[in-house]
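Single-structure report; data block below.
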Amino acid sequence: MASTVAVRLAEQAGVTHLRLVYFRSPFFLGEEGVVLRAQRSVGGRRFQSITLKRDFLALGQRGSEPSFPCGACRRLLLDRVGRLVRRLHADLVVTGEVVGKGGLGVEELVNLDRAAGLAGRVLRPLSARLLPPTHATGKMGGSVFQALTAGDGLAGTLAALARELGLVPWEDDRECLLTDGGLVRRLRDVGSETPLTENLVQLLRFEHFYQLGREAQVVVARTAEEQTRLQPLFLPSDVRLYVQIPRSPLALVRAPWMAKSPDERAWIIAAAAERMAEAAGLPRAPAWVVRFRCELEAETHQMRLPIDGRPAPALILS
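Shown next, in the form of structure tokens:
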């Protein structure tokens with residue numbers, strides 16, 4: 002809704018020949034609803050949807066940067082917009098950004114514009130009164146511009162402003178996964194050694210996602226709902242791990258298995274089983290048996306895993 006309100010304000014200020022651009026990201030949920038609404042509301046404006054899957058997935062390699070995630074994301078978007086601006090010979094970029102959202106204050110936004118080669122060419126109508134003027138500000142009716150900042154009352158203020166502009170307010174269907182602090186922490190735990198994929202992004206949404214060393218990961222699904230979500234995310238090389246008890250938790254274990262020795266594989270599965278036990282609150286018996294199988298194989302294996310004292314795990318031959 003913020004972008005739509007920003008566009009309406011820009012038009013009232015005298016901006017013409019608008020071209021609407023929507024960037025798709027694997028970190029966004031609810032994108033189809035946003036795109037459909039945008040297409041219905043464009044009127045005579047041109048609408049373009051651009052997928053930046055590879056660029057957004059590369060953001061995971063920048064997880065240790067202080068500006069991550071919002072600053073890194075905005076830099077990516079402005080870099081791509083800058084290319085369009087130069088190719089189309091556009092004068093301005095109009096965005097629905099609000100000062101303070103995602104930890105980006107006035108100074109950070111100005112620095113992002115400069116880094117993208119767009120200094121003085123990014124108009125943020127919702128916070129324009131708080132920001133330095135653009136190159137075209139003197140030619141526009143700036144009285145319609147706002148001085149909004151991020152905060153608890155922003156949604157209500159935006160809805161009221163939308164009604165004033167003749168728009169029907171709506172709840173934003175799109176959700177950015179990178180606004181989830183837990184997911185961002187888990188992403189940082191993965192590190193840059195593991196390539197970020199759309200599948201891995203979906204695994205990171207699980208609360209009980211754990212990094213095992215530098216190369217292995219385990220995801221524990223405790224409830225039936227979580228297990229339903231986890232099932233389609235198994236890759237052929239993943240290992241399925243569970244305990245032979247009613248309502249057992251389910252774990253997905255991922256590692257470069259072919260590069261590991263039999264002992265290393267056993268230790269990874271044992272470590273994953275311990276994580277599963279902790280996450281699911283399984284009773285700590287002196288020894289217990291877990292079952293596991295690779296998705297490529299039909300045979301299920303068993304491992305007796307003493308928890309106390311952490312002796313070597315023992316495969317059970319059957």
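Under the numbering used here, the first residue of the sequence shown carries the number 2, and numbering increases by one thereafter.
Glycine residues also receive a C-beta, built at the ideal position from the N, C-alpha and C atoms.
According to DSSP, residues forming a beta bridge with cysteine 177: DSSP output for cysteine 177 lists Phe29 as bridge partner(s).
Could you check what DSSP says for glutamine 228 in three-state terms: helix, strand or coil? Judged by DSSP in its simplified three-state form, glutamine 228 adopts helix.
Counterpart residues of leucine 306 in DSSP-defined beta bridges: Leucine 306 has Trp289 as its beta-bridge partners, per DSSP.
If we count the other Cβ atoms within 10 Å of its Cβ and call it buried at 16 or more, is proline 126 buried or exposed? Per the 10 Å Cβ criterion, buried.
According to DSSP, valine 6 sits in a beta bridge with which residue or residues? Valine 6 pairs with nothing; no bridge assigned.
Tell whether a beta-carbon distance below 8 angstroms holds between valine 100 and valine 16. Result no, Cβ atoms of valine 100 and valine 16 do not sit closer than 8 angstroms.
So that I know if they touch, is there some Cβ in chain D lying closer than 8 angstroms to that of threonine 135? In the structure shown, chain D cannot be found, because there is only a single protein chain.
Express the C-alpha separation of valine 145 and valine 219 in angstroms, rounding to a whole number. So the alpha carbons of these two residues sit roughly 52 angstroms apart.
Proximal residues to arginine 255 (C-beta, below 6 angstroms), its chain only, five neighbours per side dropped: So the list reads Gln218 and Asp239, once near-sequence residues are dropped.
Determine the extent of the beta strand (DSSP E) in which glutamine 245 is found, giving its start and end residues. Per DSSP, glutamine 245 lies in no beta strand (DSSP E) segment and is marked neither H nor E.
Compute the distance between the beta-carbons of leucine 242 and phenylalanine 293, then report whether it is under 8 angstroms. Cβ distance < 8 angstroms, so leucine 242 and phenylalanine 293 count as in contact.
What distance in whole Å lies between the Cβ atoms of leucine 93 and arginine 122, which are believed to be in contact at a cut-off of 8 angstroms? Right, their Cβ atoms sit about 6 angstroms apart.
Close-in-space but distant-in-sequence residues of the same chain around leucine 10 (CB under 6 angstroms, 5 per side omitted): In its chain, beyond the 5 residues on either side, Pro126 and Val145 have a beta carbon closer than 6 angstroms to the beta carbon of leucine 10.
Using 8 angstroms as the threshold, is the C-beta distance between arginine 189 and leucine 205 below it? The answer is no: Cβ separation not under 8 angstroms.
Closest Cα partner of valine 8 within the set Gly106, Ala129 and Ala117: If we check each option's Cα against that of valine 8, Ala129 comes out closest.
Buried or exposed: where does arginine 115 fall if 16 or more other Cβ atoms within 10 Å of its Cβ makes it buried? So arginine 115 counts as exposed.
Bridge partners for valine 219 per DSSP, in chain order? Beta-bridge pairing links valine 219 to Tyr211 and Val254.
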